[in-house]
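Presented below is the structure to which this report refers.
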Amino acid sequence: MTDIASAIRKLSGELPSNVKLVAVSKFHPAEAIMEAYKAGQRIFGESRPQELAAKAAALPGDISWHFIGHLQTNKLKLVLPVAAMVESVDSLHLLEAIDRWGGENGKVTDVLLEMHIASEETKQGFSREEILSVVSDASIFHNVHISGLMGMATFTDDEAVIRKDFAKLVALRDEIAAGRDRYRGLPQDFGILSFGMTHDYRIAVGMGADIVRIGTLIFGERTY
Ligand SMILES: *Cc1c(COP(=O)(O)O)cnc(C)c1O
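Our numbering numbers the first residue of the sequence shown as 12 and each following residue consecutively.
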């Protein structure tokens, strides 16, 4: 068995059955993805539009592609035809553009709103207030299905800091769920949380992540 296949098997055994594994294959070749595919993995994460489009065209049609990177509106046509979910919607401008594209092309896109939970300023995402504002007016969107929230913790070994970052996502999801009457434009099934990567996925699973996005542990270090 290859290292990739055994990492997939190990993770599938370890993760609770209700937690979805997104195998983050960015910067890794199609052959590496096929090794994971043969081990049963069907959801893959990519962060660059051109790379996603090329891989989706070359690889099996039953792969579910999650886009997880920063997305510019002029790249929507590469991503939206093939993505099962865009996890990284980080601005109202982008959300509106995805909605408009969906209207023009007859596709409703499943999305997560990315929340800025890390202490690094450089990371993307909405603030809590911005997300509350988007979800209070969600009925204006007809071609996006807002499924939940995504976030990335501060890059640190300090578990307390990671927990504090992740807790912001959980708290906001719970706050929105509790205020359902005010957020009637949201889908009934809103509430999915995507958080946890190679170095913090165990913490994430313990805190109730529905989706974890794991790259390095499966495919090895990325060479940029
Ligand atoms: C690259 C990336 C991951 C995977 O990171 P690893 O540390 O390799 O597991 C997860 N989420 C996002 C948004 C990423 O860009």
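Just so you know, even glycine gets a beta-carbon here, dropped at the ideal spot from N, CA and C. Predicted, not measured: the structure shown is a model, and the values here were computed from it.
*Looking only at DSSP bridge pairs, what is H77 linked to?*
The sequence position of residue 77 within the sequence shown is 66, counting from 1. Answer is G56, M96, bridged to H77.
*M12 classed as buried or exposed, judged by whether at least 16 other C-beta atoms fall within 10 angstroms*: Translated into the one-based positions of the sequence shown, residue 12 becomes position 1. The residue is exposed, with fewer than 16 neighbouring Cβ atoms inside 10 Å.
_Beta-carbon proximity of L123 to S99, cut-off 9 Å_ = Taking the first residue of the sequence shown as 1, we reach residue 123 at position 112. Taking the first residue of the sequence shown as 1, we reach residue 99 at position 88. Cβ atoms of L123 and S99: closer than 9 Å.
*Can you find a heavy atom of ligand 1 that lies under 8 Å from the Cβ of G159?*
What you label residue 159 is simply residue 148 of the sequence shown in a count that begins at 1. G159 Cβ: outside cutoff for every heavy atom of ligand 1.
*Evaluate contact between the segment 174 to 185 and the segment 153 to 160, counting only Cβ atoms and requiring at least three cross-stretch pairs below 8 Å.*
As far as the Cβ criterion goes, the segment 174 to 185 touches the segment 153 to 160, which means the pair count is three or higher.
_Those residues which DSSP pairs with T120 across a bridge_ = Here the question's residue 120 lines up with position 109 in the sequence shown. The secondary-structure analysis by DSSP pairs T120 across a beta bridge with V155.
*Using a threshold of 8 Å, is the CB atom of H210 nearer than that to any non-hydrogen atom of ligand 1?*
Translated into positions along the sequence shown, residue 210 becomes position 199. The nearest non-hydrogen atom of ligand 1 is less than 8 Å from the C-beta of H210.
*With DSSP as the reference, please indicate the residues paired to M126 in a beta bridge.*
Position 115 of the sequence shown, counting from 1, holds the residue named residue 126. DSSP lists F137, G162 as the bridge partner or partners of M126.
*Proximal residues to G196 (C-beta, below 6 Å), its chain only, five neighbours per side dropped*: As a working note, residue 196 is residue 185 in the sequence shown. Contacts found: A149, S150.
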